[in-house]
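Student: Once you've had a glance at the structure underneath, I'll fire off some questions.
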Amino acid sequence: MMDRRILFPLLLVLLVLTVLTSLALGRYPVGPREIVRFLAHAVFGMSEPDTGGLETLRTVLVYIRIPRIVGAMLVGTALAVSGAVLQSVFINPLVSPRLLGILAGASFGAALGTVLSLSWVAVQAISSIFGIVAVLVAVGLAGLYRGDRILLLVLGGIISTELFNSLFFLMKYLADPYSQLPIITYWFMGGFALADAKTTLVLFFPIVAGVLALLLLSPYLNVLTMGEEEARSLGVNTKALRMTFILISTVISSLTVAVCGMLGWVGLVIPHMGRMLVGPDNRVFLPVTAVLGAIFVLVVDDVSRLLFQVETPLGILTALFGVPVFALILRNARKGWGQWS
Numbered sequence: 001m002m003d004r005r006i007l008f009p010l011l012l013v014l015l016v017l018t019v020l021t022s023l024a025l026g027r028y029p030v031g032p033r034e035i036v037r038f039l040a041h042a043v044f045g046m047s048e049p050d051t052g053g054l055e056t057l058r059t060v061l062v063y064i065r066i067p068r069i070v071g072a073m074l075v076g077t078a079l080a081v082s083g084a085v086l087q088s089v090f091i092n093p094l095v096s097p098r099l100l101g102i103l104a105g106a107s108f109g110a111a112l113g114t115v116l117s118l119s120w121v122a123v124q125a126i127s128s129i130f131g132i133v134a135v136l137v138a139v140g141l142a143g144l145y146r147g148d149r150i151l152l153l154v155l156g157g158i159i160s161t162e163l164f165n166s167l168f169f170l171m172k173y174l175a176d177p178y179s180q181l182p183i184i185t186y187w188f189m190g191g192f193a194l195a196d197a198k199t200t201l202v203l204f205f206p207i208v209a210g211v212l213a214l215l216l217l218s219p220y221l222n223v224l225t226m227g228e229e230e231a232r233s234l235g236v237n238t239k240a241l242r243m244t245f246i247l248i249s250t251v252i253s254s255l256t257v258a259v260c261g262m263l264g265w266v267g268l269v270i271p272h273m274g275r276m277l278v279g280p281d282n283r284v285f286l287p288v289t290a291v292l293g294a295i296f297v298l299v300v301d302d303v304s305r306l307l308f309q310v311e312t313p314l315g316i317l318t319a320l321f322g323v324p325v326f327a328l329i330l331r332n333a334r335k336g337w338g339q340w341s
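Using UniProt numbering, the letters of the sequence shown map in sequence onto residues 1 to 341.
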């Protein structure tokens with residue numbers, strides 16, 4: 001483990017550098033001088049003789065790249081923190097928003113709202129509701145049987161994911177091929193091509209509020225990881241606390257579907273990276289995981305924009321990174337939670 005007092009400031013510096021790099025990269029390259037020139041004009045009102053060039057720069061940065069960068073940081077933070085919280089709540093190193101079916105349920109809800117031509121707000125509400133339903137299905141199925149708790153929850157999540165994936169594909173079949181199908185396909189593949197300032201701004205407040213709530217509640221999460229009996233002996237209402245963590249984590253991870261679609265592996269892989277860096281204390285672990293998630297999704301999005309002439313779906317790139325890491329996790333899972341503490 002690294003020194004916590006050094007690691008977090010280093011991660012913040014790395015995040016700032018990643019943001020600046022993301023501002024510069026793209027089909028329309030923007031150099032450091034142009035970024036400084038634009039910020040000087042926008043923040044300090046400094047005069048700019050080349051108004052045409054400044055307007056082009058404003059269009060590229062304000063209307064395309066900044067919303068995309070903010071959206072990527074929101075998604076990375078939300079998925080990483082929700083995955084970390086769910087792993088701690090269930091004391092299960094294999095849990096993630098995708099594995100529990102949350103993202104599949106949220107994607108089905110969003111597709112259903114789109115097919116029914118509901119308003120954007122209604123689509124987000126239905127998406128969150130079905131994300132909650134999906135995790136209840138996974139946990140409920142796992143609770144029906146006796147056996148290995150970790151394995152049963154994973155199997156329950158697989159069943160829930162396949163159920164809502166099937167319903168999602170049904171919505172694809174029923175969708176209008178011109179006005180609805182492209183949006184639904186985009187949600188399944190994952191990406192920030194459709195992220196705009198309006199979507200990012202509306203989702204900024206609930207996602208940030210949810211993440212902050214989880215960070216503030218992190219000491220109680222430490223109590224839950226001690227086990228049911230130990231937590232109750234300390235006077236903690238474990239049932240209410242557990243449901244609170246699950247609800248907040250499900251809502252913020254479901255909301256990410258509106259920004260980038262169904263983006264897997266972030267909520268599984270990044271928490272393990274954070275835990276290996278700083279240990280299992282959620283008071284330190286969650287903030288580190290939040291920053292790591294933001295950096296990771298930003299970097300992957302940069303790669304998706306530059307890898308080929310056509311933008312590569314983000315879900316493909318996160319899977320290419322996540323699959324080998326997940327294989328490593330499975331190899332060590334039999335050693336128990338302590339292996340990841």
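Built from N, CA and C at the ideal position, the CB exists for glycine as well.
1) What residue range does the alpha helix (DSSP H) around residue 78 cover?
2) Can the beta-carbon of residue 96 be found closer than 7 Å to that of residue 302?
3) Do the CB positions of residue 141 and residue 126 come within less than 7 Å of each other?
4) Between which two residues does the alpha helix (DSSP H) containing residue 301 stretch?
5) Sorted by chain position, which residues of the same chain lie with C-beta nearer than 7 Å to residue 27's C-beta, five sequence neighbours on each side aside?
6) Nearest CA to the CA of residue 361: which residue from 153, 165 and 181?
7) To the nearest angstrom, how far is it from the Cα of residue 66 to the Cα of residue 229?
8) Would you mind sorting residue 157 into buried or exposed? The rule is 16 or more other CB atoms within 10 Å of its CB.
9) Helix or strand or just coil, what does DSSP make of residue 324?
10) DSSP on residue 226, reduced to helix/strand/coil?
11) Roughly how many angstroms lie between the CA atoms of residue 8 and residue 192, to the nearest whole one?
12) Rounded to whole angstroms, how far is the Cβ of residue 300 from the Cβ of residue 75, which I believe are closer than 8 Å?
13) Taking all protein chains shown into account, do 16 or more other C-beta atoms lie within 10 angstroms of the C-beta of residue 227, making it buried, or fewer, making it exposed?
14) So the candidates are 321, 281 and 202; which of them puts its Cα closest to the Cα of residue 120?
15) Can you tell me which of the three DSSP states residue 187 falls into?
16) Under three-state DSSP, which class holds residue 393?
17) Out of 114, 92, 18 and 289, state which residue places its alpha-carbon closest to the alpha-carbon of residue 149.
18) Output the distance between the C-alpha atoms of residue 324 and residue 55, rounded to the nearest integer angstrom.
19) Let's see if you can read the secondary structure: which residues bound the alpha helix (DSSP H) around residue 180?
20) Put residue 265 into one of helix, strand or coil per three-state DSSP.
21) According to DSSP, is residue 237 helix, strand or coil?
22) For residue 135, which residues in the same chain have their Cβ closer than 6 Å to its Cβ, ignoring the five residues on either side in sequence?
23) Can you grab the Cα-Cα spacing for the pair residue 114 / residue 231, in whole Å?
Tutor: Judging by the given coordinates:
1) Counting along the chain, the alpha helix (DSSP H) containing residue 78 begins and ends at 66-90.
2) no
3) no
4) 282-306
5) none
6) In the structure as shown, the chain starts at 1 and stops at 341, and residue 361 therefore has no counterpart that could be examined.
7) 47 Å
8) buried
9) helix
10) coil
11) For residue 8 and residue 192, the gap between their C-alpha atoms comes out near 27 Å.
12) Not confirmed; about 10 Å, so no contact.
13) exposed
14) 202
15) helix
16) Nothing about residue 393 can be reported from this structure: the residues present for the chain run from 1 to 341 only.
17) 92
18) The alpha-carbon atoms of residue 324 and residue 55 are separated by roughly 44 Å.
19) It is not in any alpha helix (DSSP H) - residue 180 carries neither H nor E in the DSSP assignment.
20) coil
21) coil
22) 100, 102 and 250
23) 43 Å
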